[in-house]
Structure formats: structure tokens, C-alpha cells
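Residue 416, in the working numbering, is where the sequence shown stops; the numbers in between run on with no holes.
Glycine included, every Cβ here is placed at the ideal spot set by N, Cα and C.
Encoded as C-alpha cells, the structure appears first; notes follow it.
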Amino acid sequence: MNIAILTKEFPPHVYGGAGIHVEYLSRELRRAAGGRHSIRLLCFGEQHQSDALWEVTGIGAPAVPDCYDQRHCSLLDALHRDVAILGRLREADVIHCHTWYTHLAGCLLKQMLGAPLVLTTHSLEPHRPWKREQLDTAYRASSWIEKTAYQNADGVIAVSEAMKKDVHRLYGVDYDRIRVIHNGIDEERYLPTKDPSVLKKYGIDPQNPFVLAVARLTRQKGMVHFLDAARHLEKGVQVVMCASSPDTPEMMQETMEKVSLLRKNTANKIIWVTDAVPVEDLIVLYSEASVFVCPSIYEPFGIVNLEAMACGAPVVASAIGGIREVVIDGVTGKLVSFETSESGSEPRFPEKFARDLADAVDTLVASPQTREQMGSAAQQRVKEYFTWKAVAGKTLEFYASLQSAQ
11 MNIAILTKEF PPHVYGGAGI HVEYLSRELR RAAGGRHSIR LLCFGEQHQS
61 DALWEVTGIG APAVPDCYDQ RHCSLLDALH RDVAILGRLR EADVIHCHTW
111 YTHLAGCLLK QMLGAPLVLT THSLEPHRPW KREQLDTAYR ASSWIEKTAY
161 QNADGVIAVS EAMKKDVHRL YGVDYDRIRV IHNGIDEERY LPTKDPSVLK
211 KYGIDPQNPF VLAVARLTRQ KGMVHFLDAA RHLEKGVQVV MCASSPDTPE
261 MMQETMEKVS LLRKNTANKI IWVTDAVPVE DLIVLYSEAS VFVCPSIYEP
311 FGIVNLEAMA CGAPVVASAI GGIREVVIDG VTGKLVSFET SESGSEPRFP
361 EKFARDLADA VDTLVASPQT REQMGSAAQQ RVKEYFTWKA VAGKTLEFYA
411 SLQSAQ
């Protein structure tokens, strides 16, 4: 089978869950293929790798004309690269696209090559209204591209049951065309790892408990709500927030103001890491944290929770989307009730959400025994249910089913 994978993100340019997914899925597909399948991966960037059955081709940045609105540039950039992709692929038995950035190329290649089109649902544009802040009216275009792709896809992989329902409800895709395949984790890499020097590097006092949040600085990830919750934490709990790559300057400014205000009004230590944290350091932070917090307001799956769980951290997270299929309330952590506002960009009751997050964290910080039990249960759950090897096997089975239906 000739497999074509289209993606915006691929190492070294990975900044979110979709990029992590493609990195590990492609690795395990190569291992699972056993010389029976060839994989051609086309991505945004300058990457290039090649051997007998594996080829990575990066599509470099085009000379995009000046935009009268800079918020439209990412859309135009994606469209230029999609067109370039069309000329780089001569044959494929299946075309697998990740995120709307490559969907247009996928739709056109389906027609040109006669191969089935597969989409993996990492997120859905209608559930991300804050993207208007980042893209302006280009958000309407990205939403249209996504809708068109789902209506033309032969098969859809949803990363959670919640996403399967959303794809059906929003785009009318029949349930029998949607396969749920959860994300995985590199169980050989994400292991409990202690290293006091890493704590020292980030200014964390090893003698006191700390809560950790890790995310891109975007509305979706809810870092501002994590900071609001920090106002209510018990004295002596350090707050560590690893949050970089802001979606907009306004997002960065709002976060800076909240951190500044928090430092003035709490005795607890507030640590904000604004640079990207190396994975090996993240593993130590997950392992050393008393509690990991995921305050997302929209989360199709949430690979970050798997990373923390694999390292033995109990998780406090919003009870939304795919998170509820990963974190087991009362077993591997605590789920905090969440109700979305009419705008879809924030909690309906922000202060209640912040206090509920803080209460859940304080409860776990106060009980080392509970934390240890939950951390052990979290590790076991990851090992049993969330491996990339299993993801690749199920994905190959889905490809084969679509081929046989042609």
C-alpha cells in the first residue's frame, strides 16, 4: 500500500497535539509496515528524509503577496503550500490529512489520483470561535475548507468518542464512516523521572508542592483560568505554568497582566516559563509535580494529560470532550464540571470554574496517599490503553477497509 500523509506539523516544527500525533503515527506505521507499505509524508517546512519505503518532503514557505490584513497571511500561506503539494505526489493508495491546513490538497488529490481520502479530527473549527481573533474573516474560509473536506472524505478518524459525535452533528458524516482511534503516548520515553537539577533550573523549590500546567498560549487551553484558580490555592503551593507561542499579541498581554496581578496578591510562588521547554525537562516536571492541571475550555483529546499520567502525575482537568475518555474521575485524577458560555470562548461561570479547579487541586495536595494511588493508576491506564503501536495497527486496518470498499 502506498500511503500519503499530509500535515502542517512535522519535526522539528511541532507545536501542538496534531504534530505529536503525526510524528508518532508515522514512526509506528513504518515499524508496522514491515516492508509491505511505502509512506510518503508531505509537510509544511524544509524537512527532507528518504529511504526505500519512507520519504518526507517539506513544502517551503511561498512568496505570499502582501496582505492588507496580516491575519489573513496564514490562510494564504496554507493555500499556496497545498497547491505545491499537488505537484509533488504522483500516486497513492490512500491519502491521510491532518488539520484543515492540508484539507484542500487532500480533496483535490482524491480527485486527481482516485485514492480514498482519510481525515483525522484533531479539532473542529466551529468549536474554536476564538480563532476569529487570530484569523479575522479568514476563519470563515478555514471553516469552509474543513466542512468541504469532511463532506468529501471517504473515512474519518476521530481521536475520541466525543469528536465522533461532533463530526456527525456538525458535518453530517455518517457514523459508519467514522472510526474512533484514541491518541497514544511514547511509553518508552515518558516515564517517571526525578532530577532536582531541573527543578533548580526553573526556580522550583523541591521542599514545597507545586502544581503544573503545560500548554500553548491560546484561548482553547484555558491558561488564564489556571491563573484565576491560582488565586484560591492554599498557602505554600507553588504554581508552575509552561505556556509559550501565544496565538495573538492580545493573548500574551492579557496573560502578562494576570501573572503580574497574581504575584502582587498571593504569597505563593508563581513561575511562568515563556520559552518552549525541552521534552526531557517536561518529563521531569510532570514526574515531580504534585498535581498536573489541564484547564482547557475545548479539548478533543488532550495528549498532554497522557504525558503527565505516564509520568505518574494525578490530573485535575476540565470535564470536557475527549478528556473524559482519558482521565477517570476519582481514579487517575479529578474532573471539574465545566459549562461553556454562549460565545464558546470561556466558561459560563468563570469564577466558579476557577474555584472548583483550586478546590480539586487543594484536595489532592493535602493527601499524598491519594496522589500516589492516582499516579500509579494513571500510569497503568496509559500502558494498557494508549500506545502508538496500537494506534498504527488500527489505522492500517481502517486504510484497508476503505481500499476494499473502493
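Look at the Cβ atom of residue i, then the Cβ atom of residue j, and state whether they are nearer than 7 Å.
i    : j    : result
I69  : A102 : no
P305 : F236 : yes
G45  : A172 : no
A14  : R50  : yes
R98  : L127 : no
L345 : V336 : no
L489 : A370 : With the chain running from 11 to 416 in the structure shown, residue 489 is simply not present.
S170 : P310 : yes
L118 : L145 : no
V341 : A299 : no
T109 : A28  : yes
M319 : V250 : no
Y409 : V104 : yes
Y129 : C107 : With the sequence shown as reference, residue 129 is identified as Leu, and Tyr is not the correct amino acid for it. Taking 7 Å as the Cβ cut-off, L129 and C107 qualify as a contacting pair.
D92  : L114 : yes
P136 : L180 : yes
A71  : T131 : no
G246 : N218 : yes
G312 : I281 : no
S377 : R229 : no
V183 : Y200 : no
V271 : A240 : Looking at the sequence itself, residue 271 is Leu, so the reference to Val does not match. No, the pair does not count as a contact, with Cβ atoms beyond the cut-off.
Going by the DSSP bridge assignment, what does residue i pair with across the sheet?
i    : result
K344 : V326
N12  : S48
F54  : I69
C304 : A327
T17  : C53 and H108
R226 : S254
T265 : Partner(s): none; T265 has no beta bridge.
Please check the pair residue i and residue j, which I expect to be a contact at CB under 8 Å, by giving their CB distance rounded to whole angstroms.
i    : j    : result
K157 : Y149 : In fact, because the Cβ distance is near 12 Å, the residues do not count as touching under 8 Å.
G116 : L16  : 6 Å
A42  : G194 : The pair is not a contact, with the Cβ atoms about 13 Å apart (cut-off 8 Å).
H178 : Y185 : 6 Å
N303 : L222 : It should be pointed out that residue 303 corresponds to Val in this sequence rather than to Asn. Confirmed, Cβ separation roughly 7 Å.
V294 : T203 : 5 Å
S297 : G322 : 6 Å
So what's residue i in DSSP terms, helix, strand or just coil?
i    : result
Q59  : strand
D369 : helix
H108 : strand
L243 : coil
V221 : strand
H23  : strand
S84  : helix
E37  : At residue 37 the sequence reads Arg, which differs from the Glu that was named. In the structure shown, R37 sits in a helix (DSSP, three-state: H, G or I).
W398 : helix
F168 : According to the sequence shown, residue 168 is Ala rather than Phe. Looking at A168 - three-state DSSP - the assignment turns out to be strand.
R334 : helix
R100 : coil
I155 : helix
R189 : strand
L201 : coil
T284 : coil
L134 : coil
V249 : strand
V183 : coil
Once you ignore the five residues that flank residue i on each side, which residues in its own chain have a CB closer than 8 Å to its CB?
i    : result
E260 : E143
T67  : R50, L51, L52, C53, Q57, H58 and R98
V283 : Y212, V250, M251, C252, A253 and S254
R187 : A163, D164, G165 and V166
S60  : V66
V234 : E264, T265 and K268
W398 : Y34, L35, R37, E38, G194, I195 and D196
Y395 : H192
Kindly examine the ligand COA and report whether one of its heavy atoms sits closer than 6 Å to the Cβ of residue i.
i    : result
L134 : Among the components of this structure there are no ligands whatsoever, and the ligand COA is therefore not found.
Kindly list the residues whose CB is nearer than 7 Å to the CB of residue i, restricted to its own chain and excluding five residues on each side of it in sequence; keep chain order.
i    : result
V224 : C252, L292 and V314
W64  : R40 and I49
P216 : P206 and L209
Can you find the residues in the same chain that come closer than 6 Å, C-beta to C-beta, to residue i, ignoring five residues on each side of it along the sequence?
i    : result
K419 : Given that the chain is displayed from residue 11 to residue 416, the structure contains no residue 419 and the question cannot be resolved.
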